[in-house]
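Residue numbers (our numbering), protein chains in the order written: chain G, 2 to 429; chain H, 2 to 429; chain L, 2 to 429; chain V, 2 to 429.
Even for Gly, the Cβ is constructed at its ideal location relative to N, Cα and C.
These notes concern the structure reproduced below.
Next comes the structure, spelled out in structure tokens:
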């Protein structure tokens, strides 16, 4: 296409890989002016090589944004405060990075006058949704070009060979290493593995797939002790006696925990999860620091958070915020709403947790806090500590009022529950 | 007291230990006729010695009920189906045993004409509430004698020395072994440790406290592979290749998993939890089989349970049933209500999970099922499998309608979210 | 198109109106064989005229299914049992009819070998989603033709004039009455009004819009008393003393309440609601019988339903089932799951509610039941009725344990709450 | 008792009635120094007469605190913002007043050095719990004297005659008007009626019981139109064209709505509710202004609040805050937590609602707002307004993915849902 006039300026989420390099070339071919964007969210990457490649393929400009700090402080730590987790297992590492990347892109698009934005996400996954909903929540008039959902594109490039041929045609340099039989996404929080051989949910991931963590079997045979201090639910100090070090900077804290967890084989998971589009999908993840922080933070909440606040927060904030993160609903009114309740839930979550790390295990060995909601005397089974046992009698009597009424009605109807029920038999 | 006429007949929950033996003697002294009751819920216990001791102290009758099977099938397996857990950590081992014990007692009380029931629970704990609410939910006219809440009793026996003196006076045999500096409660599901030195939440439990499980450090250095088959969310077969064995009986399945988990150091936890009466309390637990079952069952649900059913079940059934169990609300209308939803949630939870057990870790290595909710082709990133990528464009556009409206309003108000917010700074 | 071979057989949801008659003709023009389907769900309609018209336009067969009874017993009464309501106001009249209509269509499609199904729903509304998700939930291989979402169709027929011209061309008879400036959907539960002049949310609906109910201003000046008996939460008898009549048949009960409510001006609502696709939309509705049943059923639950069951049911079943109904998620696993909990919630909802109907008001004047959960003596402020007031002291003391701990911590931190906070000032 | 030394200083919640006057005398008799406290929360009361009476009976000091403004701004308006309601019917009028009264008392107790506080609440009701938990949440070391839970007191004064005799003995003046056969509690939000003849839930309240509102039958035959403006969910202006008046002061707004609702017979309710202690109890209430505000606020939320925020707020904040209010959990960490989410939920709730008031009915006739979440063009059924109908096809296809999978599995198992189920038959 030799148009004298560009169709417009596109900011492309560029990874340096085959897919987005071909998309870059294809967008130019389609008549767009393309700027390439990369976010540094802590992934292992040769950003300089990527820059050169993007410009070589034809990008007019290249932007690299270091978003690590905001990733940690604006996304990861609120998720730690709220104990976010998806379907009981997945710690949301990819989901958490998307909002900062999308925001970084919209800031550039805004400043550089890009009317379009593009990305290399497939048409079946979560990331396309996460990116695009984030774009629209920040810049509702942005126009999205998603090549893997454009029939003209995906029909033409149906398979790796077609991409390689196109790369050759366009002089796009291709890494000679064989492609791994799975896809990955990495950032400082985690790495994900999916697709390829992992699509059979009964296939055990090969040992050499795992990149970030030592296998528990290969981890040190000696446990290591550390402690983490939290202020309002945020980790503010990590102490590592074996290294004779402490870490207090927000990013340093997270990276230090990553290093410790990686060494001790902590943070691997393997699940079948439900994507936002309703397709079940198998994913493997390594989330080293996040796994330690989850154990430590939840433990400290036991000591410092009121029971009823915790119960409400678990049932509403944790569940709902996790779902919002997974589904890419960060820049939405409901996320704004639910996150507004976090500070009040964490006001008292101050204290220190002592941990033992050993071959995949994160073991709490003790915790302390000045909050004073735990009262050793009151809790004690050995002394009354100001407690009147007779009060409990009243408590139980009042608690039993409606239960007795129900039981009396059951008895009148011949439905009393004294006989065992063969529930099991009818169930299996 | 030498009354010719008894104050009535009491069924006492008897443990064979110092406390309930003294209570037995005291109740007789108070003018009651006492029957002693023991439940076999899988704890390690010399029941015959206990029987002799109860009768020696003065019990008119002694009842031993084997409740292991109903404990497993009526309480434990529904809890497995619903992934029950309290405050993210505690698997509810003590809570689960209480309803079957209480029901066993009420059945005997009913048959033997006991107007009263008594127990040795302290006045600060959960178990008094669990037992008594269960009694009232089954037999609302039962009268409860809770000595540790009767000032006359607890003032008189304020401390172990007073009990020992009374035991001597009443010729109650006392074990010569020194009391452990913590209390325990054991059944086939778990053992709990609390009180004593554990009351300082920063004290690491001594290595010799743990009774049921090998320490991960001492567990075998070779991983072991097993598989568990579930039908409607209930484990129906455990296969242990190393032993060349399979287990299919409901109780056998659970005991086999217990043995495996104990060997591999699986199932220890240590938490500060919130008792029903609102006191924070530190507890340590070993729940071997339950820990394996939780991992395996949740994993299989990933493969076989619809996303929306899972989300609703997690938020409502899991959370609410766990709380009911913890608070002793088993024989209540709300438990009847919430449990009625379990079967519909487990209709499709059929399949096999393959696990690796290694030094405290339960690792899922694969899972399979005939349910067909997972579709490898549909999930695949390498082929379309009938999927139309353009559909996702429509989906995202529709999903973004209200988000764009919100973003447009934000922009009009100058509240757009493109600039990073210093949330972290204001939080810590 | 003069194809010798049909593209396939389509079952068209036919209404007899201009739109679906044109669609019928257009589908034939496109090369399909068309069967027409009408459901009698209690709307005011000349079914015979519609039949003649469909066949005249070219339908090969015409099916009329009377679905009133299953509409009442399978959809409406479960919704009454669960107090379903959307966004606090809308009683879901259209939503409730869709599943029975869709099921009726799929049964015919199955029996008559129709590979396709078609409807006249617009592309912005809820009904297209409700119908199609129901089709897919029953017959996942059905193919849907939604002309108002096909560019070829909606571009050609952009406006009433184009439809009228096409009708003239195809000899489709058109009613000469002027179209109302709003759309309606009617069934025995309700009528809805939307679109046209109602799209301005500040426009008061004209008095002559309301079709089913008398205006409260014009309703009788004398109140009328009736009573409704419920069994397991389902209305099983309506007694109307003024008519000296009782109604016990499921459908009769509903129709009798409709007649009473219509006469007394009961059941009009006017809201701005949120459609499933995320667009806000203004709707007006008349739901006469449903409004009475809601008041009566909720009142009886006060007398007969345990507090905790009610609270859980309200928060989960009512909210979730209402949303599922609104969004067209009836034939889904989550609906199956949530509905499975209804029977256990309604086991005790047996009794009679006495009502006064007067000019838009439904006033409860009394209720009675044999369930026995309400105990006049126990409730009485004039006698103890077996109640020990000292128990409440214990209850309050136990309830206050964690609150006192929190208050003590606040005081230590200087955050005690004794001083009024100027919350209002900071809010407005 | 003629002690030279006082047992301490008690601040008594004094009402001026027979009960608290006798309690005042009795506390003095018991050796306490008594200060009397009255709160003006808008009830109809002769405060000066009460002051004289308290001092005449023996109170050392008398405190009257005008708490109307903080009642309206700190309790009522947050409840309006959150649409608080208990068990679908009760608008929480008594519950809302308790925290401000309790705080007023604790402020006086703190300033005047009262170690004790006392009240005349019965031992079966909610108010004792609400007051005492509020006391403890503000001043955890306060000691509460609740005479109606002290056997010595309630045995001695078992019945009105005993109180009258004691009043005569102590020269306490008694009003000669016959006691009403029910109890009431009044404040500017509402009046409650309970006990006495109302304890039979089938007794229709006598017409002369209702005090605040005209009966709908006697209300004006001409409807009246008003409008209410909200800012962040709080009513900030009421316009009454018939009076040619507007009200903007927080308290004036509420009182003006009270006057309007009272005149038009709005706000009566009659329910059987579940007290916190688990006893069912019948109550009748008049909540005039609150009933109007509820209708208007919820309506405006339809126009101005995002769907997902609304749904989450309804399910969590509304339900949980209502329960906390009812159970007297205002000064608790969980209330602090849940209320912290209100502002983010009301940021966009700005606009005006137009209402018609007529014989018990509050009818919304229109609403408008500048928030822009409602878009007439987008909503329109007559024009596309930027909407792509094909997007909905994609949306429905994606939404149906998991539903089709489920349906296919059902078909394979022979469990497809095309045949009607006789649910009704099995239910009734």
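Going by the beta-carbon positions, is the gap between residue i and residue j smaller than 8 Å?
i: residue 321(L); j: residue 313(H); result: yes
i: residue 41(G); j: residue 65(G); result: yes
i: residue 190(L); j: residue 294(L); result: no
i: residue 399(H); j: residue 278(L); result: yes
i: residue 285(G); j: residue 158(G); result: no
i: residue 226(V); j: residue 368(V); result: no
i: residue 36(V); j: residue 133(V); result: no
i: residue 310(V); j: residue 346(V); result: yes
i: residue 409(L); j: residue 395(G); result: no
Mind pulling the chain H residues with CB within less than 7 Å of residue i?
i: residue 399(L); result: 278, 279
i: residue 144(G); result: Neighbours of residue 144(G) on chain H: none; closest Cβ ~12 Å, over 7 Å.
i: residue 271(G); result: 365
When DSSP builds the beta bridges, which residues end up paired with residue i?
i: residue 275(L); result: 281(L)
i: residue 367(V); result: 355(V)
i: residue 1(V); result: Residue 1(V) cannot be examined here, being either before or after the span of chain V that is shown, 2 to 429.
i: residue 54(G); result: None; residue 54(G) has no bridge partner.
i: residue 236(G); result: 231(G)
i: residue 328(L); result: None; residue 328(L) has no bridge partner.
i: residue 39(H); result: 65(H)
i: residue 246(L); result: 241(L)
i: residue 362(L); result: 359(L)
Our contact map puts residue i next to residue j with C-beta atoms below 8 Å; I'd like the distance itself, whole angstroms only.
i: residue 366(H); j: residue 378(H); result: Wrong, their Cβ atoms sit about 23 Å apart, outside the cutoff.
i: residue 136(G); j: residue 107(G); result: 6 Å
i: residue 20(L); j: residue 165(L); result: The pair is not a contact, with the Cβ atoms about 11 Å apart (cut-off 8 Å).
i: residue 301(L); j: residue 370(L); result: 7 Å
i: residue 34(V); j: residue 16(V); result: Incorrect: roughly 20 Å between the Cβ atoms, too far for contact.
Please list the partners that residue i has in chain L, where partner means a Cβ-to-Cβ separation under 9 Å.
i: residue 395(G); result: 389, 391, 392, 393, 394, 395, 396, 397, 398, 399
Strictly below 8 Å CB to CB, what residues from chain H border residue i?
i: residue 376(V); result: 406
i: residue 313(L); result: 317, 321, 335, 338, 339
Taking residue i as the query, report the chain G residues whose CB atoms sit under 8 Å from its CB, ordered along the chain.
i: residue 332(H); result: 404, 408, 418
Name the chain L residues whose beta carbon is nearer than 8 Å to that of residue i?
i: residue 373(G); result: 406, 409, 410, 413
Would you mind telling me which residues of chain V sit closer than 7 Å to residue i, beta carbon to beta carbon, in chain order?
i: residue 131(H); result: Within chain V, no residue comes near residue 131(H); the closest Cβ sits about 17 Å away, beyond 7 Å.
i: residue 307(H); result: 403, 407
Problem set entry | the stretch 261-271 of chain G / the stretch 47-65 of chain G touching (three or more Cβ pairs under 8 Å) | With fewer than three CB-CB distances shorter than 8 Å, the stretch 261-271 of chain G does not count as touching the stretch 47-65 of chain G.
Exercise. Can at least three beta-carbon pairs, one atom from the stretch 74-92 of chain H and one from the stretch 272-289 of chain H, be found at a separation below 8 Å?
Worked result: By the Cβ criterion, the stretch 74-92 of chain H is in contact with the stretch 272-289 of chain H, since at least three pairs of Cβ atoms, one from each stretch, lie closer than 8 Å.
For this session: Take every Cβ of the stretch 201-220 of chain G, pair it with every Cβ of the stretch 323-336 of chain G, and state whether three or more of those distances are shorter than 8 Å.
Result: Taking 8 Å as the limit for Cβ pairs, the verdict is that the stretch 323-336 of chain G does not touch the stretch 201-220 of chain G.
Exercise. Is there contact between the stretch 406-415 of chain L and the stretch 10-29 of chain V, where contact requires at least three CB pairs shorter than 8 Å?
Worked result: The answer is no - the stretch 10-29 of chain V does not touch the stretch 406-415 of chain L, with fewer than three Cβ pairs under 8 Å.
For this session: Pair every Cβ in the stretch 345-356 of chain V with every Cβ in the stretch 216-235 of chain V, then say whether three or more of these pairs are closer than 8 Å.
Result: Contact holds: three or more Cβ-Cβ distances are below 8 Å.
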